[in-house]
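Undergrad: Residue numbering for the sequence shown follows this note's numbering, starting at 132 and increasing by one per position.
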Amino acid sequence: MSRIPLFFWGLVAVVSAVWFAADSLWVSPFAYFPFRSVFVQYSGILAVVMMAGALVLALRLRVLERWVGGLDKVYRLHKWLGIGSLVLATLHWWWAQGTKWMVGWGWLDKPAGKGAGQQLTGLEAWFRGQRGLAETLGEWAFYAAAVLIVLALVKAFPYHLFRKTHKLLAVVFLPLAWHSFILMEFDYWAAPIGWLTQAAVVAGSVAAVLLLVGWPGKVRKVPGEVVSVTRYPDLKVFEFLVKVTQGWSGHSPGQFAFITSDAAEGPHPYTIASDWNPETRCLKFVVKELGDHTRRASRRICEGMPVTLEGPYGGFDFEDDCRTQIWVGAGIGITPFIARMGRLAGRPDSRTVYLFHPTADVSEEALAKLRADAEAAGVNLVIRCSRTEGRLTPEEIRDAVPDWQNASLWYCGPVGLANTLFNQFRKWGMPARRMHREFFDMR
């Protein structure tokens with residue numbers, strides 16, 4: 132989990148260090164307009180590098196997935212880079228545009244321009260001639276990007292609309308790239324900060340074009356067919372099996388796939404709730420009706436329906452050197468653990484596993500399947516119905532596991548319980564490297 136802040140702040144530190152090697156925020160003598168000049172450069176460069184990084188992460192590249200620790204972590208980093216770029220772009224916009232307003236209102240006196248009285252020639256003259264267009268494009272692109280990023284953060288905004296509008300950020304980046312290219316301080320071009328900025332602009336622009344043509348989804352797509360559907364009305368959950376005839380080379384328990392059951396809706400991530408069997412070539416998915424997309428999918432998905440799968444993705448693979456593992460699958464977060472138990476039933480290992488399943492809704496049929504899976508896998512199962520037995524606490528988990536000090540913790544479920552659980556085990560001395568969490572939230 133520590134890789135997300137490591138990559139985020141690492142990027143900030145690298146860009147800042149390279150920029151400070153070329154310029155400084157501590158201008159002498161210190162005054163509003165000299166500071167504004169360098170801060171606009173610094174904030175603009177850092178904002179465009181962050182946004183370029185977010186676009187590159189959206190390509191779902193395998194190498195980045197391995198570095199960050201899974202596609203769920205990649206998307207979490209993508210989200211925070213988007214938020215960071217919005218904050219910095221807002222500061223950049225205010226110092227650039229707000230200053231002009233304050234001069235117009237008479238609050239500030241504008242000093243003579245840096246190039247006043249100078250006759251520019253060559254490439255620098257051409258760049259200066261493009262400034263007006265670049266400023267206009269950048270300003271309006273910023274407004275569009277701000278709206279689109281805010282919409283992406285509003286959970287009430289429908290998923291199918293989010294998917295379509297969020298893709299527009301790739302379009303918006305292109306005028307922002309031109310804005311950065313033209314308005315970057317000309318002296319930076321001969322310094323490492325200039326090379327870094329232009330590399331980011333080029334990488335972000337290429338990523339934007341690839342995203343617009345739908346390249347990421349084409350790389351790992353395979354056709355499939357729904358062969359069975361089982362519904363659990365008491366849980367508002369449905370389970371379906373998809374048979375893939377070609378192209379799927381297998382997956383590890385705990386990974387997930389994007390499934391497209393409706394072209395208008397587009398792909399949606401679902402955890403794979405089964406181990407891979409090359410003889411049956413069937414993948415099981417267990418889905419809870421939590422939002423607009425999953426509710427529609429519950430009504431739409433039926434036996435015989437053709438679907439498209441993309442994957443597998445994710446690094447929630449249960450691989451570590453601990454002889455004891457604590458699993459906590461809260462609610463529908465039980466799905467990766469079902470897949471892992473399927474693997475252990477056929478290929479047992481020497482680990483001792485304790486699985487805790489807190490759930491608000493109860494279906495005896497579903498719980499009977501879960502108990503059977505745990506028994507076949509040799510997993511110690513604890514089921515807690517929170518409506519009648521109260522919430523599962525970290526203390527209860529700790530007391531139920533004799534060797535918890537040397538165990539690893541694997542969690543999938545709601546954010547609130549995750550924060551409580553991880554904070555408490557961290558206080559008790561469990562190292563962060565032994566705590567694993569699935570960030571199954573793609574926005």
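Quick reminder that beta carbons are idealized off the backbone N, C-alpha and C, glycines included.
1. Around the C-beta of A287, are 16 or more other C-beta atoms found within 10 angstroms, so that it is buried, or is it exposed?
2. Could you pull out every residue in the same chain whose Cβ sits closer than 6 Å to the Cβ of V417, ignoring the five residues on either side in sequence?
3. Residues in its own chain within less than 6 Å of D480 by CB, not counting five upstream and five downstream?
4. Starting from S168 and walking both ways along the alpha helix (DSSP H), at which residues does that stretch end?
5. Tell me whether the region 342–357 and the region 194–201 touch, counting them as touching only if at least three CB pairs, one residue from each stretch, are closer than 8 Å.
6. Going by beta-carbon coordinates alone, are V493 and W458 separated by less than 8 Å?
7. Shortest alpha-carbon distance to G378 belongs to which of V368, G355, V149?
8. Please state whether DSSP places N408 in a helix, a strand or coil.
9. Select from L548, V513, L212 the residue whose C-alpha is nearest the C-alpha of A531.
10. Out of curiosity, what's the CA-to-CA distance linking T455 and M566?
11. Could you tell me whether the Cβ atoms of L343 and A301 are closer together than 8 Å?
12. Residues in the same chain with beta-carbon distance under 6 Å from R193, minus the five sequence neighbours each way, listed in chain order, please.
13. Of the residues G335, F389, E420, which one's Cα is nearest the Cα of L366?
14. CB G544 to CB G464, shorter than 8 Å?
15. State the Cα-Cα distance for the pair V360 and R430, rounded to the nearest angstrom.
16. For the ligand PLP, is there any heavy atom lying closer than 7 Å to the beta carbon of S174?
17. DSSP three-state label for K374, please.
18. Can you confirm whether A531, when its beta carbon is compared against all beta carbons of chain B, has any partner nearer than 8 Å?
19. Straight-line CA distance for L341 to V179?
20. Could you spell out the range, first to last residue, of the beta strand (DSSP E) harbouring T386?
21. Here's a check: name, in chain order, each residue in its chain whose Cβ is nearer than 8 Å to the Cβ of L190, leaving out the five neighbours to either side.
22. How long is the line joining the alpha carbons of F447 and R568, rounded to whole angstroms?
23. Do you know offhand how far R515's Cα is from L486's?
24. Quick check: the Cα distance between G325 and K298, rounded to an integer number of angstroms?
25. Where does A235 fall in DSSP's three states?
26. Within a Cβ cutoff of 7 Å, which residues of the same chain sit near R478, ignoring the five residues on either side of it in sequence?
TA: Here's the rundown:
1. Flag for A287 reads exposed.
2. Once the five neighbours on either side are set aside, the close Cβ partners of V417 are E370, A404, T466.
3. Taken in chain order, the list of residues that qualify is empty.
4. The continuous alpha helix (DSSP H) containing S168 extends over residues 163–188.
5. At 8 Å Cβ cutoff, the stretches do not touch.
6. Judged by beta-carbon spacing, W458 lies beyond the 8 Å limit of V493, meaning their Cβ atoms are not closer than that value.
7. The candidate whose alpha carbon is nearest that of G378 is G355.
8. Reduced to three states, the DSSP call for N408 is coil.
9. Closest in C-alpha terms to A531, from the list L548, V513, L212, comes V513.
10. A straight-line Cα-Cα distance of about 13 Å links T455 and M566.
11. Contact flag set, yes.
12. Cβ within range, chain order: n/a, list empty.
13. The residue among G335, F389, E420 with its C-alpha nearest the C-alpha of L366 is E420.
14. Yes, Cβ-Cβ distance for G544 and G464 is below 8 Å.
15. So the two alpha carbons sit approximately 11 Å from each other.
16. The ligand PLP is not part of the structure shown, which contains no ligands of any sort.
17. Three-state result, K374: strand.
18. Included in the structure is just one protein chain, with no chain B present.
19. L341 and V179: Cα-Cα distance of roughly 18 Å.
20. Note that residue 386 is Gln in the sequence shown here, rather than Thr. Unbroken run through Q386: none, as it is neither H nor E.
21. Excluding sequence neighbours, L190 sits near A338, L341, L342, W346, P347.
22. Rounded to whole angstroms, F447 to R568 spans 7 Å at the Cα level.
23. A straight-line Cα-Cα distance of about 11 Å links R515 and L486.
24. Cα-Cα distance, rounded: 28 Å.
25. The amino acid occupying residue 235 in the given sequence is Gly; Ala does not appear at that position. Three-state DSSP puts G235 in a helix.
26. Taken in chain order, the list of residues that qualify is empty.
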